[in-house]
Amino acid sequence: MNSTINTLLAEQGENVLKSMKELKRIAKKKGKARFNAFEKFCANQHSFGVYTFTDPAIQEMGEIKAFQENMEAFRNTFQVVSTDFDATMDISLVDSIYEATFTSYNEMVIEFNLLDRRLDAKRF
451 MNSTINTLLA EQGENVLKSM KELKRIAKKK GKARFNAFEK FCANQHSFGV
501 YTFTDPAIQE MGEIKAFQEN MEAFRNTFQV VSTDFDATMD ISLVDSIYEA
551 TFTSYNEMVI EFNLLDRRLD AKRF
């Protein structure tokens with residue numbers, strides 16, 4: 451695998467996590483701000499997906515698939531805010547998916563041998 455693309459995936463993965471953190475922070479709030487945070491998360495998720503198309507081997511990696519599955523679960527949890535600004539979120543579900551996404555991100559960067567890119571969800 452190409453170390454440049456691995457670094458780009460790690461960086462974009464971190465961007466995804468930053469947007470997830472913001473969305474998680476305002477999950478209880480209702481209105482346009484939460485919708486805007488959701489849109490930002492979706493854009494970051496999409497960008498990560500684009501980077502995976504650079505190498506078919508990357509798309510087949512279990513760590514990449516796990517990270518993408520967790521991002522998709524997070525997205526599905528918030529999907530309702532795209533049509534209902536007043537929707538109530540299941541905060542415990544949001545929290546558990548958020549933690550699982552950090553775990554899968556860390557497994558991915560370990561597989562890339564980018565150990566300095568590991569993140570702690572509580573300190574992030």
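Under this note's numbering, the first residue of the sequence shown is numbered 451, with each subsequent residue one higher. We put the beta carbon where it would ideally sit given N, CA and C, even for glycine.
Pairwise C-alpha distance: residue j and residue i
i, j, result
"Phe503", "Lys480", "35 angstroms"
"Ala550", "Gly463", "14 angstroms"
"Asp545", "Phe552", "11 angstroms"
"Asn465", "Ser532", "21 angstroms"
"Phe498", "Lys471", "16 angstroms"
"Leu543", "Thr457", "30 angstroms"
Contact under 8 angstroms by Cβ, residue i with residue j
i, j, result
"Leu473", "Phe488", "yes"
"Lys482", "Phe528", "no"
"Asn563", "Asp505", "no"
"Ala460", "Val559", "yes"
"Glu561", "Glu519", "no"
Option in the options with minimal Cα separation from residue i
i, options, result
"Phe524", "Phe498, Cys492, Ile455, Val559", "Cys492"
"Gln495", "Glu557, Phe517, Phe574", "Phe517"
"Arg484", "Ile508, Glu513, Thr538", "Thr538"
Proximity test, residue i beta-carbon vs the ligand ADP heavy atom, cut-off 7 angstroms
i, result
"Ile541", "Inclusion of the ligand ADP in the displayed structure is not the case, the ligand content being empty and no account of it being possible."
Neighbour flag for residue i against chain D, beta carbons, 8 angstroms
i, result
"Met521", "Here there is only one protein chain, and chain D is not present."
Entirely enclosed beta strand (DSSP E) segments - the region 533-558, minimum 3 residues: None, since the region 533-558 contains no complete beta strand (DSSP E) of that length.
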